[in-house]
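Read the structure below first, then the notes.
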Amino acid sequence: MLAAPQPQQKSDRSNHLFDAIIIGSGIGGLVTATQLAAKGAKVLVLESYLIPGGSAGYFEREGYRFDVGASMIFGFGTKGTTNLLTRALDAVNVSIETIADPVSVRYHLPAGLELKVHKDYEKYLQELTAYFPHERQGIRKFYDECWKVFNCLNVMELLSLEEPQYLARVFLQHPLACLGLVQYLPQNAGDIARRYIKDPQLLKFIDMECYFWSVVPAEKTPMINAGMVFSDRHYGGINYPKGGVGQIAQKLVDGLEKAGGQIQYKARVKKIITEKGKAIGVELANGKAIFAKRIISNATRWDTFEKLLPADEMPTAEKKWRQRYEKSPSFLSLHLGVEASVLPPGTDCHHILLEDWDKMEATEGTVLVSIPTLLDPDLAPEGYHIIHAFTPSWIQEWEGLPAKEYEEKKEAAAGRIIERLEKIFPGLDAGLDYMEVGTARSHRRFLGREDGTYGPIPKRKLMGLLGMPFNRTSIPGLYCVGDSTFPGQGLNAVAFSGFACAHRVAVDLGL
Ligand SMILES: Cc1cc2nc3c(=O)[nH]c(=O)nc-3n(C[C@H](O)[C@H](O)[C@H](O)COP(=O)(O)OP(=O)(O)OC[C@H]3O[C@@H](n4cnc5c(N)ncnc54)[C@H](O)[C@@H]3O)c2cc1C
Numbered sequence: 182m183l184a185a186p187q188p189q190q191k192s193d194r195s196n197h198l199f200d201a202i203i204i205g206s207g208i209g210g211l212v213t214a215t216q217l218a219a220k221g222a223k224v225l226v227l228e229s230y231l232i233p234g235g236s237a238g239y240f241e242r243e244g245y246r247f248d249v250g251a252s253m254i255f256g257f258g259t260k261g262t263t264n265l266l267t268r269a270l271d272a273v274n275v276s277i278e279t280i281a282d283p284v285s286v287r288y289h290l291p292a293g294l295e296l297k298v299h300k301d302y303e304k305y306l307q308e309l310t311a312y313f314p315h316e317r318q319g320i321r322k323f324y325d326e327c328w329k330v331f332n333c334l335n336v337m338e339l340l341s342l343e344e345p346q347y348l349a350r351v352f353l354q355h356p357l358a359c360l361g362l363v364q365y366l367p368q369n370a371g372d373i374a375r376r377y378i379k380d381p382q383l384l385k386f387i388d389m390e391c392y393f394w395s396v397v398p399a400e401k402t403p404m405i406n407a408g409m410v411f412s413d414r415h416y417g418g419i420n421y422p423k424g425g426v427g428q429i430a431q432k433l434v435d436g437l438e439k440a441g442g443q444i445q446y447k448a449r450v451k452k453i454i455t456e457k458g459k460a461i462g463v464e465l466a467n468g469k470a471i472f473a474k475r476i477i478s479n480a481t482r483w484d485t486f487e488k489l490l491p492a493d494e495m496p497t498a499e500k501k502w503r504q505r506y507e508k509s510p511s512f513l514s515l516h517l518g519v520e521a522s523v524l525p526p527g528t529d530c531h532h533i534l535l536e537d538w539d540k541m542e543a544t545e546g547t548v549l550v551s552i553p554t555l556l557d558p559d560l561a562p563e564g565y566h567i568i569h570a571f572t573p574s575w576i577q578e579w580e581g582l583p584a585k586e587y588e589e590k591k592e593a594a595a596g597r598i599i600e601r602l603e604k605i606f607p608g609l610d611a612g613l614d615y616m617e618v619g620t621a622r623s624h625r626r627f628l629g630r631e632d633g634t635y636g637p638i639p640k641r642k643l644m645g646l647l648g649m650p651f652n653r654t655s656i657p658g659l660y661c662v663g664d665s666t667f668p669g670q671g672l673n674a675v676a677f678s679g680f681a682c683a684h685r686v687a688v689d690l691g692l
């Protein structure tokens, strides 16, 4: 346990007592902060980097504005309750213009399985059924069951499942939807898929449908998350924020400040200060201590409980969580600027490439591609496009390399990915104008995520989402938010976690 603050720090405590300090300005942290500020709480966000957003941030090079990570954005719909990014921005009186994507992803898979996931549900089912006509019924039954999950979620206000009064209220308002969700909570998408589908190739395709966002095959992907993703892409749809993904965090910060909240950049939290076992403040890398009634960590659970708190005093619940979940790999990311002629007219924005089913989960197996300039051309100089290609990669492959070897290894890995992408985009190599390669080391350094991990994945098959922790932790006064909490990775998912966290904290603060 960290030592209690010294007398000097105590005077700071009474002078600058915040209701809540949020460690990190990822989308989970910012949604928590804005929600709390909108309720009148005095909040401070501390961000170690220069700009907000974390994995939803951006960087600019030679006229290109690259998204750091996320580009396929759910949650910008206009109806229902699952459009959490729209709602989070609305809550602090800001908004973003978005551009609708008619195709959420185009697959390039083994044995010539080439298909598009259209926003139009029926069109998508037709395209998939054309490859597997003998599974017509199974395909419809599986995806229709995903809609059942989504329809239950999409009628209720999504707040903290740790708040009994909210649970009672929502149950009284939507008893059937609640019972529906309780039924799906412990289930995984693979179990439901196998109930209706027998064709092994189609089951592999369903694995990929899950893997590209959950980083695990269908048998380990919670049905609640699958229901959200597989339905919302046809409902609210995939919508790209004009000006790039970084706009989401920037606008949330604008809203936060308008609502009276504060954010500090280049403010790395080194320690969470505890007193008699309760979290009461944070210590920054520059030694300054700041205190608050509640501390909320948007860092990963590994960073929170092994670095910001003493690892040898880890609460039992955290140790148990580590027996169920492990770190997913990070990514090798190629941020490319290319001549527009490389992309023929009608090219889709998001692609998934895999040549051998056995390599789906392997390092450099599945390649994910986003070309956001097809939706917002202003992100690149005229006559050029951005291609962001990324593929799973572990930190161990990049650790301990001297600078020259590290650069050579990056160059070689980029060459392999470009060679594979040439099959979809012939002439890519010749049309390259700019290239920057990020590794697991870059993700660790710039996103502050241990080993650069994309987030937690089940170590073995678990009971759906039941094993994911909510926002409260075993340490009084300390909460977690973001992709290490229910319901997991993705911008709309961490926004859900932010709504839930702010709700629970507000109730605890009596707001
Ligand atoms: C390559 C890639 C592609 C992706 N594609 C998509 C996609 O297409 N669609 C989608 O929805 N999602 C996608 N995701 C996932 C999505 O980006 C993440 O799940 C989500 O952004 C995580 O948000 P978060 O709130 O958990 O925090 P993070 O984004 O991890 O942000 C945490 C913040 O906390 C800060 N921080 C950490 N420790 C400290 C400290 N000690 N002191 C101060 N600050 C600290 C960090 O600097 C960071 O800004 C992608 C992710 C990656 C990496």
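With the numbering used here applied, the sequence shown corresponds to residues 182 to 692, in that order.
Glycine included, each C-beta is placed from N, C-alpha and C at the ideal position.
Proximal residues to residue i (C-beta, below 6 Å), its chain only, five neighbours per side dropped
{"i": "D131", "result": "Examination of residue 131 is not possible in this model, given that the chain is present from 182 through 692 alone."}
{"i": "R622", "result": "W579"}
{"i": "M683", "result": "Per the sequence presented here, residue 683 reads as Ala, with Met not at that position. So the list reads T213, Q216 and L217, once near-sequence residues are dropped."}
{"i": "S192", "result": "Since pLDDT at S192 reaches only 40, below the 50 mark, its modelled position is unreliable, and the value read off the structure follows with that caveat. The answer is none, since no qualifying residue turns up."}
{"i": "Q189", "result": "The predicted model places Q189 with a pLDDT of 43, which falls under 50 and marks its position as unreliable, so this point remains unresolved."}
{"i": "F240", "result": "F247"}
{"i": "V298", "result": "S285, V286 and Y305"}
{"i": "G679", "result": "G209, V212, T213 and V662"}
heavy atom of ligand 1 below 7 Å from residue i C-beta
{"i": "G210", "result": "yes"}
{"i": "A480", "result": "yes"}
{"i": "I477", "result": "no"}
{"i": "E464", "result": "no"}
{"i": "G663", "result": "yes"}
{"i": "M253", "result": "yes"}
{"i": "Q670", "result": "yes"}
{"i": "G425", "result": "no"}
{"i": "I204", "result": "yes"}
{"i": "Y635", "result": "yes"}
{"i": "A407", "result": "no"}
{"i": "S574", "result": "no"}
{"i": "R317", "result": "no"}
{"i": "S514", "result": "yes"}
{"i": "E228", "result": "yes"}
{"i": "R505", "result": "no"}
{"i": "L489", "result": "yes"}
{"i": "V675", "result": "yes"}
{"i": "F199", "result": "no"}
{"i": "R641", "result": "no"}
{"i": "F680", "result": "no"}
Same chain, Cβ closer than 7 Å to residue i, neighbours up to 5 away in sequence not counted
{"i": "V686", "result": "A201, L217, R475, I477 and Y660"}
{"i": "K488", "result": "none"}
{"i": "V519", "result": "Y565, H566, I568, L609, G612, L613 and D614"}
{"i": "E617", "result": "R242 and H516"}
{"i": "H624", "result": "S511, F512, R630 and G633"}
Rounded distance between the beta-carbons of residue j and residue i, thought under 8 Å
{"i": "T572", "j": "I552", "result": "Going by Cβ atoms, the distance from T572 to I552 rounds to 16 Å, so no, they are not a contact pair."}
{"i": "A214", "j": "L437", "result": "5 Å"}
{"i": "V550", "j": "L560", "result": "Actually they do not touch by this definition, with Cβ atoms about 15 Å apart."}
{"i": "I208", "j": "A430", "result": "7 Å"}
{"i": "A251", "j": "L524", "result": "Contact flag wrong, Cβ pair sits at about 21 Å."}
{"i": "N467", "j": "G210", "result": "Not confirmed; about 20 Å, so no contact."}
{"i": "I471", "j": "L225", "result": "7 Å"}
{"i": "A370", "j": "M337", "result": "About 21 Å separates the two Cβ atoms, so there is no contact after all."}
Residue i: first and last residue of the uninterrupted alpha helix (DSSP H) it sits in
{"i": "A430", "result": "G427 to K439"}
{"i": "E600", "result": "A584 to L602"}
{"i": "D271", "result": "L265 to A272"}
N-terminal and C-terminal residue of the beta strand (DSSP E) that residue i is part of
{"i": "G691", "result": "Per DSSP, G691 belongs to no beta strand (DSSP E) and is neither H nor E."}
{"i": "F331", "result": "Careful: F331 lies outside any beta strand (DSSP E), inside the alpha helix (DSSP H) at R317 to L334."}
{"i": "S574", "result": "Y565 to S574"}
{"i": "V224", "result": "V224 to L227"}
{"i": "R287", "result": "V284 to L290"}
{"i": "F240", "result": "Y239 to R242"}
{"i": "Y312", "result": "Counting along the chain, Y312 falls outside any beta strand (DSSP E), though it belongs to the alpha helix (DSSP H) covering Y302 to Y312."}
{"i": "L534", "result": "H531 to L534"}
{"i": "I202", "result": "F199 to I204"}
{"i": "F247", "result": "Y245 to D248"}
Other residues of its chain near residue i: CB distance less than 8 Å, five sequence neighbours each side excluded
{"i": "K300", "result": "A281, D282, P283, V284, S285, R414, H415, G418 and I419"}
{"i": "L362", "result": "V330, C333, L334 and I405"}
{"i": "G691", "result": "none"}
{"i": "L602", "result": "L534, V548, V550, I568, A570 and L609"}
{"i": "I598", "result": "L513, L515, E545, V548, A570 and T572"}
What alpha helix (DSSP H) runs, 4 residues minimum, are completely inside the region 443-520? Contiguous alpha helix (DSSP H) elements confined to the region 443-520 occur at 497-505, taking only those with 4 or more residues.
Would you list, in sequence order, the uninterrupted beta strand (DSSP E) runs of no fewer than 3 residues that lie entirely inside the region 376-435? Counting whole runs of 3 or more residues, the region 376-435 contains the beta strand (DSSP E) stretches 419-422.
To test your reading of the DSSP string, which unbroken alpha helix (DSSP H) runs of 4 or more residues are found completely within the region 609-649? Here the runs fully enclosed are 621-628.
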